[in-house]
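*Asks:* Residue numbers (my numbering), protein chains in the order written: chain A, 1 to 136; chain B, 1001 to 1136.
We treat Cβ as the ideally placed atom computed from N, Cα and C, and that holds for glycine.
Just so it is clear, the structure is predicted and the values come from calculations on it, not from any experiment.
Mind looking over this structure? Questions follow.
There are 2 protein chains.
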Amino acid sequence: MQITHELTDSAIGLLSGKNIAFVASLMKDGGPQITPVWIDYDGQFILINTAEGRVKQRNFQRDPRIAVSIIDPTNPYNTVSIRGKVIEQITDGADDHIDRLAKKYLGVDKYPFRTPEEKRIILKINPDKVFTISSE
Amino acid sequence: MQITHELTDSAIGLLSGKNIAFVASLMKDGGPQITPVWIDYDGQFILINTAEGRVKQRNFQRDPRIAVSIIDPTNPYNTVSIRGKVIEQITDGADDHIDRLAKKYLGVDKYPFRTPEEKRIILKINPDKVFTISSE
Chain A
1 MQITHELTDS AIGLLSGKNI AFVASLMKDG GPQITPVWID YDGQFILINT AEGRVKQRNF
61 QRDPRIAVSI IDPTNPYNTV SIRGKVIEQI TDGADDHIDR LAKKYLGVDK YPFRTPEEKR
121 IILKINPDKV FTISSE
Chain B
1001 MQITHELTDS AIGLLSGKNI AFVASLMKDG GPQITPVWID YDGQFILINT AEGRVKQRNF
1061 QRDPRIAVSI IDPTNPYNTV SIRGKVIEQI TDGADDHIDR LAKKYLGVDK YPFRTPEEKR
1121 IILKINPDKV FTISSE
């Protein structure tokens, strides 16, 4: 078993694959909150797609600190846990991005849960601290 | 799909089953941290077994606020997300408890990763806010 503080190939595989990630944000009172999300990695930043007004989107606007954790569902000894910051909230291209995530996770061309009034947002996350466990 | 703020049977099933839970604690600077853990439910409190000196154990000693999230690996539309507090850290019975968790998760009678110097601790969590999504 290997423990490293780098985004190893194993960690990048977890961030890029069809895995559910868990993200923590901070509520107004400073307490933690977690939600499961789809996840993406662009080679440098971790990307999450949410909608304006959601609890975590408002939380990150107030305090950009975030934690992200993923385990390999086929091998719980492959995990990556990250602490970082949401360095940008991007609306440009966010609709196309959620469609690409729907393709990856659901195999469909269009995100099927969109509501008429929702405005999608990409949360761009810089991974400051990485903790990877790999069974290889 | 049902969204409730109760520990429904579906939520209790997730807490009691052989599922990996993700727990968030607060670092000294107030930033969030997440780790995957084994999970247990005693009918009233959520129980996590950790060891003295681990990051999250020290974090909860400083600030007891916690978030816990689980998804059903066979159906990602069954999830429970909880915010609460670690109301007690219990050493009494913690060795037997980690053995019971090893039975549940690994099918073995004794927790196989114990190190000679480690002191196990049960984190007893009161669920203050519950958010359950159930596909049923």
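1) Looking at the ligand FAD, does it come within less than 7 angstroms of residue 1010 of chain B, judged from the CB to the closest heavy atom?
2) Counting only runs that start and end within the region 48-86 of chain A, where is the beta strand (DSSP E) found for 3 or more residues in a row?
3) For residue 33 of chain A, decide whether its Cβ has a neighbour in chain B, counting only Cβ atoms nearer than 8 angstroms.
4) Just the C-alpha distance for residue 1094 of chain B and residue 1124 of chain B, rounded to the nearest angstrom, thanks.
5) Put residue 134 of chain A into one of helix, strand or coil per three-state DSSP.
6) Who are the Cβ neighbours of residue 87 of chain A in its own chain at under 6 angstroms, not counting the five residues just before and after it?
7) Candidates B:1020, B:1033, B:1003 and B:1122: which alpha carbon is nearest residue 1042 of chain B's?
8) Taking the beta strand (DSSP E) that residue 1026 of chain B falls in, what are its first and last residues?
9) Out of curiosity, what's the CA-to-CA distance linking residue 37 of chain A and residue 1117 of chain B?
10) Going by beta carbon distance, what residues of the same chain come within less than 8 angstroms of residue 113 of chain A, once the five residues before and after it are set aside?
11) Just mark residue 17 of chain A as buried or exposed, buried being the case when its beta carbon has 16 or more other beta carbons within 10 Å.
12) Find the nearest neighbour of residue 1120 of chain B within the set B:1047, B:1002, B:1035 and B:1024, judged by alpha-carbon distance.
13) Can you find the residues in the same chain that come closer than 8 angstroms, C-beta to C-beta, to residue 954 of chain B, ignoring five residues on each side of it along the sequence?
14) How far does the beta strand (DSSP E) with residue 3 of chain A in it reach, from first residue to last?
15) Under the assumption that residue 1070 of chain B contacts residue 1098 of chain B (Cβ atoms under 8 angstroms), give the Cβ distance between them as a whole number of angstroms.
*Replies:* Inspection of the coordinates gives the following:
1) By its list of ligands, the structure shown contains no ligand whatsoever, and the ligand FAD lies outside what it can speak to.
2) 65-72
3) Against the first sequence, residue 33 of chain A aligns to sequence position 33. Interface residue, yes.
4) Here residue 1094 of chain B is taken as the residue at index 94 of the second sequence, counted from 1. Here residue 1124 of chain B is taken as the residue at index 124 of the second sequence, counted from 1. Whole-angstrom Cα-Cα distance: 11 angstroms.
5) Residue 134 of chain A sits at position 134 when you count from the first residue of the first sequence. For residue 134 of chain A, the secondary structure class from DSSP, reduced to helix, strand or coil, is strand.
6) Numbered from its first residue, the first sequence carries residue 87 of chain A at position 87. Around residue 87 of chain A, the same chain offers 124 and 126 as residues with beta carbons nearer than 6 angstroms, after the five sequence neighbours per side are excluded.
7) As a first step, residue 1042 of chain B is located in the second sequence; it is residue number 42 there, counting from the start. Out of B:1020, B:1033, B:1003 and B:1122, B:1122 has the C-alpha closest to the C-alpha of residue 1042 of chain B.
8) Looking up residue 1026 of chain B in the second sequence gives position 26. Start and end: 1021-1026.
9) Here residue 37 of chain A refers to the residue found at position 37 of the first sequence. Here residue 1117 of chain B refers to the residue found at position 117 of the second sequence. Approximately 37 angstroms, taken between the alpha carbons.
10) Position 113 of the first sequence, counted from the first residue, corresponds to residue 113 of chain A. Here the set comprises nothing.
11) If you number the first sequence from 1, residue 17 of chain A lands on position 17. Label assigned to residue 17 of chain A: exposed.
12) Start at 1 with the first residue of the second sequence, and residue 1120 of chain B comes out as number 120. Here the closest residue by C-alpha is B:1047.
13) Because chain B is modelled from 1001 through 1136, residue 954 of chain B falls outside the range shown and cannot be assessed.
14) In the first sequence, counting from the first residue as 1, residue 3 of chain A sits at position 3. Here the beta strand (DSSP E) through residue 3 of chain A covers 2-4.
15) Counted from its first residue, the second sequence places residue 1070 of chain B at position 70. Counted from its first residue, the second sequence places residue 1098 of chain B at position 98. Not a contact, Cβ separation roughly 19 angstroms.
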